[in-house]
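Chains as they are written, first to last, in the numbering used here: chain R, 1 to 197; chain V, 1001 to 1197.
Accompanying notes for the structure given below.
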DNA sequence: ACTTTTGTGAAACGCTCACTCCACTATAGT
DNA sequence: ACTATAGTGGAGTGAGCGTTTCACAAAAGT
């Protein structure tokens, strides 16, 4: 019953996600969100309650449409020993793109962690869960690559790889070469025969 | 000639630096800066030209008063082989502080890199130079610790340590334990007898 | 056909933003 | 003492912020 919406929620959230990714939560004004989504503010507030509600939806969409597809091979039942290397090498290519068209704004969630809204406990929990998810996926990739290593060594290597990724995404905007360097050195660790001497 | 200022520039910039660190460039409003510094807006604009001018001064002060003193032992002529370990261990303690009173907001420059103002080329250059400065200092610490390692190995280890620091500072706000974990794993690399097997 | 429910459009809300203006005060040089 | 210069206080600028309101449009259930 009632009038049908003239928009597709998925497309709206996807547009909002792009804007938040580019401009950050504080930097994406509601009027810019109106332009990006094609909805006017009354529809936005009707559908999502607040700018914050749309942001939450955009984060969910980011995880579902950007993060998890990228991690798919690391989340599979059988993990390819090359999967973790391929993942980091792919991100390295993206941040190195000279035109900067592919991954110009780093990671929506890393950017969020460094912004004021990260003081909101719910937002902090989402970013923290994202880091856990990265760590779990990377851990599986590293276990597949170094099956004979100790759990402690794999744990350290996993955290180092996650740190290299987070740092690369944090600095993509200001220095793509440096970001690629972080990933290159993480790859160097993964290309050794054993994780720890 | 002319009336003398009723404030000390150093104290004003230091207060502004704290506010920008806590709230970010966009998040620190001019009226909040008035409260923090004790100056009213006309004095701020007279002395610094713009909010952005005060921000630039705050960044300079951050480098001079926070970053470089911390790196002092790594910038000395003779670098202690323990200096790089001590540095990372100290940061680890700071981000782990349960009350979060010591380093609650990560790094002013990392936060800046993840915000909208990082698209300004001058700001990007300052953050990029900060990363270079970190890398050079860490490189010296690692050369002192692993004098017999190859240049390539030291380079990789340096970048991995810088990445671990940057990632820890990026996530301090949302997950201090995870930030400490990044540093812990970097320390594990440094505590091995040789950087690469 | 009519009621009920829901989405839409446009205008406006009070508020804060970065910034400016100007009269006034205070000092240094002459 | 006077002039030139520079800092201060306070009110005010227009623009933009997130959000709300409300009359109206459109579709589902009876």
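Just so it is clear, CB atoms sit at the ideal spot from N, CA and C, and this is done for glycine as well.
The structure displayed is predicted, hence computed values, not measured ones.
(request) For residue 1101(V), name the three-state secondary structure that DSSP assigns. (result) Indexing the second chain from 1 puts residue 1101(V) at position 101. Coil at residue 1101(V), not helix or strand.
(message) Taking the straight line between their C-alpha atoms, what separation do you get for residue 1042(V) and residue 1036(V)?
(response) Within the second chain, numbered from 1, the residue matching residue 1042(V) stands at position 42. Within the second chain, numbered from 1, the residue matching residue 1036(V) stands at position 36. Rounded to the nearest angstrom, the two C-alpha atoms are 15 angstroms apart.
(request) Assess, as a yes-or-no matter, whether the region 101-111 of chain R is touched by the region 1097-1117 of chain V under the definition of 3 or more beta carbon pairs within less than 8 angstroms. (result) yes
(message) Going by DSSP in three states, residue 1040(V) sits in which element: helix, strand or coil?
(response) Residue 1040(V) sits at position 40 when you count from the first residue of the second chain. Residue 1040(V) falls in the coil class under three-state DSSP.
(request) Compare the C-beta of residue 1002(V) against all C-beta atoms of chain R and say whether one is closer than 7 angstroms. (result) Numbered from 1 along the second chain, position 2 holds the residue referred to as residue 1002(V). No, no contact with chain R.
(message) Quick check: what's the CA-CA separation for residue 1065(V) versus residue 178(R)?
(response) Reading the second chain from its first residue, position 65 is the one you call residue 1065(V). Reading the first chain from its first residue, position 178 is the one you call residue 178(R). If I take the Cα positions, the gap works out to 25 angstroms.
(message) Quick test of your reading: residue 1061(V) and residue 1095(V), contact by CB under 8 angstroms. State the CB separation rounded to the nearest angstrom.
(response) In the second chain, counting from the first residue as 1, residue 1061(V) sits at position 61. In the second chain, counting from the first residue as 1, residue 1095(V) sits at position 95. Not a contact, Cβ separation roughly 22 angstroms.
(request) Kindly indicate if chain V contains any beta-carbon less than 7 angstroms away from that of residue 92(R). (result) As a position in the first chain, residue 92(R) is number 92, starting the count at 1. Closer than 7 angstroms: no.
(request) Taking residue 46(R) as the query, report the chain V residues whose CB atoms sit under 9 angstroms from its CB, ordered along the chain. (result) As a first step, residue 46(R) must be located in the first chain, where it is residue number 46. Those do not exist, as residue 46(R) stays about 28 angstroms from chain V at its closest Cβ, beyond 9 angstroms.
(request) Anything in the region 13-41 of chain R with a Cβ closer than 7 angstroms to a Cβ of chain V? List those residues in chain order, please. (result) Hits within the stretch, in order: 23, 24, 26, 27.
(request) Evaluate residue 1086(V) with the Cβ neighbour count: other Cβ atoms within 10 Å of its Cβ, from every protein chain shown; 16 or more gives buried, anything less gives exposed. (result) Translated into the one-based positions of the second chain, residue 1086(V) becomes position 86. So residue 1086(V) counts as exposed.
(message) Cutting at 8 angstroms between CB atoms, please list the residues of its own chain near residue 1089(V), excluding the five before and the five after it.
(response) Translated into the one-based positions of the second chain, residue 1089(V) becomes position 89. If the five residues before and after residue 1089(V) are omitted, its C-beta is found closer than 8 angstroms to the C-beta atoms of 1183, 1187, all from its own chain and listed in chain order.
(request) May I ask you to verify whether the region 1046-1062 of chain V touches the region 138-145 of chain R, counting CB pairs closer than 8 angstroms and requiring at least 3? (result) no
(message) Output needed for residue 1032(V): all residues of its chain with C-beta closer than 8 angstroms, excluding positions within five of it in sequence on either side, in chain order.
(response) Taking the first residue of the second chain as position 1, residue 1032(V) is located at position 32. Hits under 8 angstroms: 1019, 1023.
(request) Say whether chain R places a C-beta atom closer than 7 angstroms to the C-beta of residue 1179(V). (result) On the second chain, position 179 is the one that residue 1179(V) refers to. So, not an interface residue.
(request) Evaluate residue 1185(V) with the Cβ neighbour count: other Cβ atoms within 10 Å of its Cβ, from every protein chain shown; 16 or more gives buried, anything less gives exposed. (result) Locating residue 1185(V) in the second chain gives position 185, counting from the first residue. Per the 10 Å Cβ criterion, buried.
(request) Check residue 1076(V) in the structure and name its three-state DSSP category. (result) In the second chain, residue 1076(V) corresponds to position 76, counting from 1. Of the three classes helix, strand and coil, the one that applies to residue 1076(V) here is coil, per DSSP.
(request) Give, in chain order, every residue of the region 1125-1151 of chain V whose Cβ lies closer than 7 angstroms to some Cβ of chain R. (result) 1127, 1128, 1131
(request) Name the residue from 46(R), 10(R), 7(R), 175(R) whose alpha carbon lies nearest to the alpha carbon of residue 1120(V). (result) Here residue 1120(V) refers to the residue found at position 120 of the second chain. Residue 175(R) is the option with its Cα nearest to residue 1120(V).
(request) Return the residue from the list 1194(V), 1005(V), 1173(V) that minimises the CA-CA distance to residue 1103(V). (result) Taking the first residue of the second chain as position 1, residue 1103(V) is located at position 103. Nearest C-alpha to residue 1103(V): 1173(V).
(request) Could you work out which residue in 1021(V), 1045(V), 1126(V), 1143(V) is closest to residue 1083(V) when comparing CA atoms only? (result) Mapped onto the second chain, residue 1083(V) falls at position 83. Of 1021(V), 1045(V), 1126(V), 1143(V), the residue nearest in Cα terms is 1143(V).
(message) Classify residue 1038(V): buried if its beta carbon has 16 or more other beta carbons within 10 angstroms, exposed otherwise.
(response) Against the second chain, residue 1038(V) aligns to sequence position 38. Exposed: under 16 other Cβ atoms inside 10 Å.
(message) Short of 8 angstroms Cβ to Cβ, which residues in the region 1076-1089 of chain V face chain R?
(response) none
(request) Name, please, each residue of chain R whose Cβ falls closer than 8 angstroms to the Cβ of residue 1175(V). (result) Indexing the second chain from 1 puts residue 1175(V) at position 175. Those within 8 angstroms of residue 1175(V) in chain R are 124, 127, 128, 131.
(request) Taking only the alpha-carbon atoms, compute the straight-line gap between residue 1016(V) and residue 158(R) and give it to the nearest angstrom. (result) Position 16 of the second chain, counting from 1, holds the residue named residue 1016(V). Position 158 of the first chain, counting from 1, holds the residue named residue 158(R). Straight-line Cα distance between these residues: approximately 38 angstroms.
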